[in-house]
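**Student:** Taking this note's numbering, the leading residue of the sequence shown gets 2, the next gets one more, and so forth. Idealized CB from N, CA, C, for every residue including glycine.
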Amino acid sequence: YAAGLSRGGWSAQIAAERYANRFDGALGLCGATGTSPGLSLSVDMFVAGAYVAGVTQAEFDAAPSVHDLIAQRIRPELDDPTNRARFEALMIDLTGGPRAFDRAGFRDEEGTNWERAELLVSAQLAAPRTTPYELGPDAGVSSEAFNSAAIRVPTNREAFRAFTEGIEVTGDLGMPLVTMHTTGDGQVPINQPQALRRRVDGAGRGNLLVQRVIEDPGHCGFTTGEQEAAFEALVDW
Numbered sequence: 002y003a004a005g006l007s008r009g010g011w012s013a014q015i016a017a018e019r020y021a022n023r024f025d026g027a028l029g030l031c032g033a034t035g036t037s038p039g040l041s042l043s044v045d046m047f048v049a050g051a052y053v054a055g056v057t058q059a060e061f062d063a064a065p066s067v068h069d070l071i072a073q074r075i076r077p078e079l080d081d082p083t084n085r086a087r088f089e090a091l092m093i094d095l096t097g098g099p100r101a102f103d104r105a106g107f108r109d110e111e112g113t114n115w116e117r118a119e120l121l122v123s124a125q126l127a128a129p130r131t132t133p134y135e136l137g138p139d140a141g142v143s144s145e146a147f148n149s150a151a152i153r154v155p156t157n158r159e160a161f162r163a164f165t166e167g168i169e170v171t172g173d174l175g176m177p178l179v180t181m182h183t184t185g186d187g188q189v190p191i192n193q194p195q196a197l198r199r200r201v202d203g204a205g206r207g208n209l210l211v212q213r214v215i216e217d218p219g220h221c222g223f224t225t226g227e228q229e230a231a232f233e234a235l236v237d238w
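(1) Measure from the alpha carbon of serine 41 to the alpha carbon of each residue in Ala140, Asp69, Thr96, Arg200, then state which is nearest.
(2) Quick test of the definition: if touching needs 3 or more C-beta pairs under 8 Å, does the segment 32-40 touch the segment 160-172?
(3) Just how far apart, CA to CA, sit proline 177 and phenylalanine 223?
(4) Between the segment 113-129 and the segment 42-58, are three or more C-beta pairs nearer than 8 Å?
(5) Measure how close the beta-carbons of cysteine 31 and valine 189 come, nearest whole angstrom, since I'm counting them as under 8 Å.
(6) Below 8 Å on the Cβ atoms is my contact criterion, and I expect glycine 39 with threonine 180 to pass it. Report the Cβ-Cβ distance as a whole number of Å.
(7) Would you mind stating whether threonine 273 and aspartate 139 have Cβ atoms separated by less than 9 Å?
(8) State the beta-bridge partners of glutamine 58 as determined by DSSP.
(9) Please report the residue range of the alpha helix (DSSP H) in which glycine 26 lies.
(10) If you run the structure through DSSP and keep just helix, strand and coil, what is arginine 153?
(11) Give the straight-line distance between the Cα atoms of glutamine 73 and alanine 151, rounded to the nearest whole angstrom.
(12) Using the rule of at least 16 other Cβ atoms within 10 Å of the residue's Cβ for burial, across every protein chain shown, is leucine 120 buried or exposed?
(13) Quick one, are the C-beta atoms of glycine 187 and asparagine 114 less than 9 Å apart?
(14) Buried or exposed: which applies to glutamine 193, given that a residue is buried once 16 or more other Cβ atoms fall within 10 Å of its Cβ?
(15) By DSSP, does isoleucine 215 sit in helix, in strand, or in coil?
(16) So, are the CB atoms of glycine 137 and alanine 86 less than 9 Å apart?
(17) Nearest CA to the CA of arginine 108: which residue from Ser123, Gly98, Phe88, Leu209?
(18) Taking 8 Å as the limit between beta carbons, can you name the residues of its chain near proline 99, skipping five residues before and five after?
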């Protein structure tokens, strides 16, 4: 039995779609689901932070640098406890809804995600957004109000195409795939396995996907035993 194991879960998902002639199955750990879902966390974080800080589209368009806008305008506003609570509620909603360790995991990875947000927005590598945000009841703001005030981040479509070419996840699995995620992961949040399930089901391959979710605040916060159990489940498929 030849099985692929990848701590880079995104690559495991791609392998499960493209290399059924090389492996019998794949185990993907804490992987993003392709380009648009994978890049959404950092860009949505920028948009949510700007919304809570009261940054308008005109202010964003006129800002000399994304770095200064984040460091001098947005993040200082998030030091206010009320704004911080609003921001975290928005981010939890945008990344899959309330779950165990949601705030703890988000805070653990916030610094990294701000750095990524700055890079993606500055380079105009945000995935093109064609639909409005749809927020749930725990977001603290209605979808209508958020969409009305949220800034629109530009996309350099040619740069985005070059950056993401060849690394998309379609869901068209060619072999069994077991994925593992943690509930509180602030780097690859729970909306990523949710997106993967939709893509795999949409491709008619739902019978080839098993997903396991572990209650833990960390990114890839799995024990050795949990990983071994998932691998054994794959081997026993």
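**Tutor:** On the basis of the supplied data:
(1) Thr96
(2) yes
(3) About 21 Å.
(4) yes
(5) 5 Å
(6) Wrong, their Cβ atoms sit about 14 Å apart, outside the cutoff.
(7) In the structure as shown, the chain starts at 2 and stops at 238, and residue 273 therefore has no counterpart that could be examined.
(8) Note: glutamine 58 sits in no beta bridge, so no partner.
(9) In this chain, glycine 26 is not harboured by any alpha helix (DSSP H); it is covered by the beta strand (DSSP E) spanning 26-30.
(10) Arginine 153 falls in the coil class under three-state DSSP.
(11) 19 Å
(12) Around the beta carbon of leucine 120, a 10 Å sphere encloses fewer than 16 other beta carbons of the protein chains shown; the residue is thus reported as exposed.
(13) yes
(14) buried
(15) strand
(16) no
(17) Cα-wise, what sits closest to arginine 108 is Phe88.
(18) Ile93, Asp139
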